[in-house]
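Residue numbers (our numbering), protein chains in the order written: chain B, 3 to 278; chain G, 3 to 278; chain H, 108 to 372; chain S, 108 to 372. Even for Gly, the Cβ is constructed at its ideal location relative to N, Cα and C. These numbers were taken from a predicted model, which means no experiment stands behind them. Beneath this line is the structure, given in C-alpha cells, with notes to follow.
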Amino acid sequence: MAEFVSLRDAVARYVHDGDTVAMEGFTHLIPFAAAHEIIRQRRRNLTLIRMTPDLVYDQLIGAGCARKLVFSWGGNPGVGSLHRLRDAVERGWPAPLELEEHSHAAMAAAYHAGAAGLPFATLRGYAGSDLRRVNPNIASVTCPFTGEVLAAVPAHRPDVGIVHAQRADRAGNVLVEGIVGVQKETVLASTRSIVTVEEIVDDLAAPSPNSVVLPAWAIDAVAVAPRGATPSYAHGYYERDNAFYIAWDEISRDREQFEAWLGEHVLSAGPTGAPV
Amino acid sequence: MAEFVSLRDAVARYVHDGDTVAMEGFTHLIPFAAAHEIIRQRRRNLTLIRMTPDLVYDQLIGAGCARKLVFSWGGNPGVGSLHRLRDAVERGWPAPLELEEHSHAAMAAAYHAGAAGLPFATLRGYAGSDLRRVNPNIASVTCPFTGEVLAAVPAHRPDVGIVHAQRADRAGNVLVEGIVGVQKETVLASTRSIVTVEEIVDDLAAPSPNSVVLPAWAIDAVAVAPRGATPSYAHGYYERDNAFYIAWDEISRDREQFEAWLGEHVLSAGPTGAPV
Amino acid sequence: MSKGSDEGGHVDFTPDELMTVAASRALRNDDVCFVGIGAPSEACNLARLTHAPDIVLIYESGTLQTRPDVLPLSIGDGELCETALTTVPVVEMFQYWLQGGRISKGFLGGAQIDRFANINTTVIGDYDAPKVRLPGGGGAPEIAGSCHEVLITARHSARTLVDTVDFVTSLGHGSGPGDREAAGLTTAGPVLVVTDLCLLEPDPETRELVVTSLHPGVDRDQVVTATGWEVRFADELATTPPPTAEELQVLRDLHARTEQAHAGG
Amino acid sequence: MSKGSDEGGHVDFTPDELMTVAASRALRNDDVCFVGIGAPSEACNLARLTHAPDIVLIYESGTLQTRPDVLPLSIGDGELCETALTTVPVVEMFQYWLQGGRISKGFLGGAQIDRFANINTTVIGDYDAPKVRLPGGGGAPEIAGSCHEVLITARHSARTLVDTVDFVTSLGHGSGPGDREAAGLTTAGPVLVVTDLCLLEPDPETRELVVTSLHPGVDRDQVVTATGWEVRFADELATTPPPTAEELQVLRDLHARTEQAHAGG
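And the structure:
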C-alpha cells in the first residue's frame, strides 16, 4: 500500500547497494529526480535495467553507481552516443560495466512476463541476430502444438522499480498519461516500487474509464518531485528539454567536465520533492 | 483498411459456412445485431469462440449455426443456465455441439497470443484441474531458465472476429470505451474483422491520448448497428437490459418457445444497420 | 427464522442472510479481493459497506477497485465500470493482476464442493455424457491457484457438499497435504467455506474440511445430514455470532436497491 | 551541389536532401510504417507531407498513426503523442502491432550495412573489446524480422557499406538465399538501400546488394570507391530523378520548423 514519503526517504528505504533497479519511462516521464537522489545517496553495485539507458543511466554510470546494465538501446536519442556509458564499457571508467544486451521487443516482453508472474517470455525475435551469440539469457522454446521454435528471455523481476507520473490522489493512486511506455509493467514486475509524481491532487481527474492508473495497493512509495522528469518531459505539465539533450553530448564527453556538472547540479543540489 | 458496409453485406462477405468465428464483448458491447444477421443468413457449421457464450451464442447454437464451441464460462450471468447450449450438449438439439473448454485466463492468453502473432500462450493455469484431462489443447511448456513447467494453449486465430463498439470516425477508426474485454485482441487475432458501431461521427472525441482505438487499417468492415449490443449495453449510450437476461431463462427453456422468439425477433426482423 | 419475525429479542434474519454476513466477516479492510458473481459479490459488497470500507474489489471484467451502489447481475454490469478506479483489458486483468499475484483473496461458489474443498462448476455426471452441463470454470481455476487465499460460499446440502466432486474444475486441497504443492502452487488455497448452516475450515494436518462454527439455531445433526461425507466437528466448536442490526440493515438496503435497479427493462 | 547554388537551370539540392527525397519515394500512401529516428523519420514525414498523405507512421514509443508537425528529436517526443490517433503501451506496440505482423514497412539506418543488407548497430570491432560501442539494437532486430519489407538509409562510405558487418544486429539477407527462411522468417527483409550516392537493391538470385540507380551527378567510380565490397551495377542502371521543387520546399520547411522547435530550452 502506497505511503507518501520524501524522495530522500523513499530511496533510503527501498534502494540498497547491490540491488537490481529498473527506472523506466520511454523517452517520456524519465525519473531523473529519483536517479539524482540515488547518486546523492551513493548507491553502489546496482544492476540497472532500462530499455533506453538515456542520459539518466549515463549519469548513474558516470557517477559510479552501476555494476551491470541490462538494456536494448544505449544512445542519446537523436544526438549520438552516451559518452559515460561508452567510457565505462570501452575503458572501464569509473568502473567496468557488465552488459546484458537485448532488443526492445525482448525487453518489453520480459517486463510483461515479470508483471504477469511468469518466469520467461516468448517472442518471435532475434532471428539471425548475433545478440543470441553474446547474451546467454536468450534461449529457445518450442511450441507444443506446432513445433515452431521461438526465442525466450527471462522475465524481469527487479528488486526496485522506479517510475515518474503526472499525479497521485490522496489515497496514493497514480495517473500516467501520454507515452506510457513500460511503466505499469515496471511497477508490477518489481518487488518494491517507488513512484515520483508532479503533484498530489484531491481528484485524479482520469479522463477516461480506461485511463492508465496504478492503484495505491500496487505501489510502495509515492514521492512528490515537481519537474522530476526534467530534462525529459511530463505530458500536460512541461516539455522535453531537447536543448539539454543536445548539450549533454558536450558535457558528458569529458570526465572532468562531467564530474563538474555532477557536483554542481546533482551532488550539491538539495533533494527534489518535499515530505508530505 | 476498413470499408463502410451494411451489416448484411459485412456478414455476407466475411462470414462463411464452416468458419471459426469469435464474437467478443465481455458482458459489455456484445455484438448481438451481427449475431442475428448470421442467424438470418443461415450460416452453418461454425466453430464459435467466446469466453462467455452468453445469450448471443445460446441463440446461435439454438438456431443451428454452430458445430463447435470454444469457451470458458457458459452461463446466463447472474441468472442460471444457457438452456439452448445445454440442450445441444446434453441432447444434441438441434445438432450435437462439440466443446473445447478452457478457463478465462487461458482464453484471454490465447487471444493475446493470437494478436501477438505467437502460436501458443503460456500461463500459470489449470493447476490440478480436470480440464487438462478433457481438453487435449491444454499442454505444457518448460521454462528454459528455471525448469518450471507451465500450462500452454494454442493461440486463437479466428477466421473472422466480430466486435461492437461505441463509434467510428469517417476514416473508419473505432473507439471502444468502458469494459473493453478482449475486443482489441479479437480484431487483431482474426484474419478478417467486422466492427459494428452505434454511430459514425466526424470526430472520435477520444477522451485520453491512451484511449482504446482500433485503427481503420486493422479492420476490414465497419457497419452501423444502432443499439447493436442490446440486450447487452454500450457504455455512454444505453444500459444493460437485465430484465431481458432474466426473461431469457423462460424463453430459452423450451424449444418451441425459443423458435417462436427467434422467428419473431430475429428471422422476420429486418437487418439492423443501414448502408452508409 | 423467517425474515422480519421476532425470536427471543434478537434481530431476526434468514439463513441466507447469515451466510452472507458470516462470509463478509472473513474479509479484511486491507484485502484485495477477486469477486465472483452472486453470493460472493453480496458478501464482498456487504464487507465494503460495513467493516471493510477500503477493501479493494476486482471483477474479472477488468474493473479494478469498484464500488457498486447496487449488486451487479453480471460480472460486467455498467455499474462496475462507472464506479471503478479504472477498467483494464481482460488480458491484463488475468495476466498482471491475478496471475501476477496481486490478489489476496479469491471468493468462489460452486455446484459441488468436496471434503478437500475442490470445486466443480463444470458437469454433474460424466464429462462426455453429462447429467447436468454446468456453466464451466470461467475465472475460477486460476483464482483458486493464484489468489493468496480462497473463500468459498454455498448453500449447505448433500448434493453440494459431496465426498468427491464429479469433476475438479478448480483445485482446493486435492486429496490432502502436498497436493497443491505437487501441482506447482505456492498459495494457501481454500481457508474457509461458509454455508447457511456453518463454517468449515481445512484441518491443518489432513486438509479435510472440518466444521469449526455452527450458525445460531443449527445443530450437529442438521449439518451431518446435509453433508455428503462423514463430516467432523472441531474440538472447539464455536457458534457463529448472529448478524448485527447494522449488518442486516445494510444488506437489506443493498438488496432493495438492487431489486429496484434490475426490475427496469 | 551546395544548397542554394544554381546548376544548369535545375532546382539545386544537397546529397542529403536527395537521399531523403529518394527514400521518401519508396513509401506508398497505403503503407503502415515503423519509423526509426533520424533519416528514416525525415523520409517518412516527407512522404506524408507530399505524395503519401494517408501513410500511417508508427514510432516504437507507442504512438500509432502520428502526424508530427516538426521532426522529433527522440522516438518519444511529446509531439508524436499529441498528434497520434492513439498511444499504446510499449509492450502492446511490440507484441500486437510489430510482432502481430501489422506493419508493412520498417525503415532502418545503421552504422554498418553489408553486401547482404545485414545491419550492425551494436559494436565496431570485437563485442567484448569494442573499438566503438554503438547504441545497440533497440527495435531493429524485430523490425527487420516482422515488417513485411525493410527500407534502409545511410550515407555512403566504405566504413558504412562494408563487405561483412562486425556484428549482425538485425538480419538482412544473411549470406544469401534461404538464410532468412532458415532463421524462421517469412518476411521479405531489406528491399532497398538508399544512400546519398545511389539506390541499391538485393539481386533476386544472390540477394547481394546491387546498384540500381545512380543519383544525378554521381558516377560509378564514386560509388565503387565508397563501397566496402566489389559492388556490382544493374544492367539497366537508372538515374534517380532529382527532387522536385515541391519536395525540396516541403523538406526545407520541415527542417526549418524542426530547428526552431528544438532550439528552445
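Check	Outcome
Cβ-based contacts, 7 Å cut-off: residues of the segment 177-195 of chain H near chain G	Leu-180, Ser-181, Ile-182, Gly-183, Asp-184, Gly-185, Cys-188, Thr-194
Candidates G:Arg-255, G:Thr-148, G:Ile-51, of which the one nearest Asp-89 of chain G by Cα	G:Arg-255
Residues near Leu-120 of chain B in its chain [Cβ-Cβ closer than 6 Å; skip 5 each side]	Ala-157
Where Pro-160 of chain S falls, given that 16 or more other Cβ within 10 Å makes a residue buried	exposed
Beta-carbon gap between Gly-163 of chain G and Ser-131 of chain G smaller than 7 Å	no
Contacts that Val-139 of chain S makes with chain G (C-beta to C-beta distance below 8 Å)	Trp-219
Contacts that His-104 of chain G makes with chain B (C-beta to C-beta distance below 7 Å)	In chain order: nothing, as chain B lies at least about 14 Å away.
C-alpha gap between Asp-19 of chain G and Pro-237 of chain H, whole angstroms	29 Å
For Asn-227 of chain S, the nearest candidate out of S:Ile-210, S:Ser-211, S:Gly-246, S:Leu-361 (CA to CA)	S:Gly-246
Own chain partners of Cys-151 of chain H with C-beta closer than 8 Å, once the 5 adjacent residues on each side are dropped	Ser-131, Leu-134, Cys-140, Val-142, Ile-162, Leu-164, Phe-214
Residue from B:Asp-171, B:Ile-221, B:Val-178, B:Asn-175 with nearest C-alpha to Ala-193 of chain B	At residue 193 of chain B the sequence reads Thr, which differs from the Ala that was named. The shortest C-alpha separation from Thr-193 of chain B is found at B:Ile-221.
Bridge-paired residues (DSSP) for Ala-167 of chain G	G:Val-199
Residue span of the alpha helix (DSSP H) that contains Asp-184 of chain S, given as start and end	From DSSP, Asp-184 of chain S is part of no alpha helix (DSSP H); its letter is neither H nor E.
Whole-angstrom distance between Ile-63 of chain G and Leu-9 of chain B, CA atom to CA atom	59 Å
Neighbouring residues, chain H, relative to Pro-186 of chain G (Cβ below 8 Å)	The sequence shown places Lys at residue 186 of chain G, not Pro. Per Cβ cutoff of 8 Å: Pro-196.
Test: Ser-213 of chain G CB closer than 7 Å to a CB of chain S	yes
Endpoints, alpha helix (DSSP H) assigned at Leu-62 of chain G	56-64
Arg-86 of chain G, DSSP secondary structure in three states	helix
Validate contact between the segment 181-189 of chain G and the segment 132-144 of chain G using beta carbons, cut 8 Å, 3 pairs	no
Residues near Pro-350 of chain H by beta carbon distance below 8 Å, same chain, minus five either side	Val-118, Phe-120, Glu-124, Leu-125, Val-128, Leu-358
Any beta strand (DSSP E) of 3 or more consecutive residues that is wholly inside the segment 213-266 of chain S	219-221, 230-232, 237-240, 256-260
Beta-carbon separation (whole angstroms), Leu-216 of chain B vs Val-178 of chain B, contact threshold 8 Å	7 Å
Chain-ordered neighbours of Leu-190 of chain B on chain H, where CB pairs are closer than 9 Å	Tyr-203, Trp-204, Gly-207, Arg-209
Backbone secondary structure at Asp-393 of chain S - three-state DSSP	The structure shown does not extend to residue 393 of chain S, since chain S spans only 108 to 372, so no value can be given for it.
Amino acids of chain C, ordered along the chain, whose beta-carbon sits closer than 8 Å to that of Val-163 of chain S	You won't find chain C in this structure, because its protein chains are B, G, H and S.
Top-ranked residue by Cα proximity to Gln-324 of chain H, from H:Glu-189, H:Pro-348, H:Arg-339, H:Thr-334	First, the residue type needs correcting, since residue 324 of chain H is Gly and not Gln in the sequence shown. That would be H:Pro-348, whose Cα lies nearest to the Cα of Gly-324 of chain H.
Beta bridge counterpart(s) of Ile-51 of chain B as assigned by DSSP	B:Ala-24, B:Val-72
Of the listed residues B:Val-72, B:Ser-74, B:Gly-76, B:Gly-80, nearest to Leu-178 of chain S (C-alpha basis)	B:Gly-80
Alpha carbon of Tyr-247 of chain B to alpha carbon of Ile-253 of chain B, nearest angstrom	10 Å
Length-filtered (4 minimum) alpha helix (DSSP H) runs lying within the segment 178-253 of chain G	185-191
Cβ distance (whole Å) where Ala-295 of chain H is taken to contact His-255 of chain H below 8 Å	6 Å
Whole-angstrom distance between Val-298 of chain S and Asn-225 of chain S, CA atom to CA atom	12 Å
Val-269 of chain H - DSSP class collapsed to helix/strand/coil	strand
Proximal residues of chain S, C-beta to C-beta of Val-91 of chain B below 8 Å	Pro-237, Arg-240
Beta-carbon separation (whole angstroms), Val-300 of chain H vs Ile-220 of chain H, contact threshold 8 Å	6 Å
When B:Ala-173, B:Arg-229, B:Gln-168, B:Gly-174 are compared against Pro-209 of chain B, the one with the closest alpha-carbon	B:Gln-168
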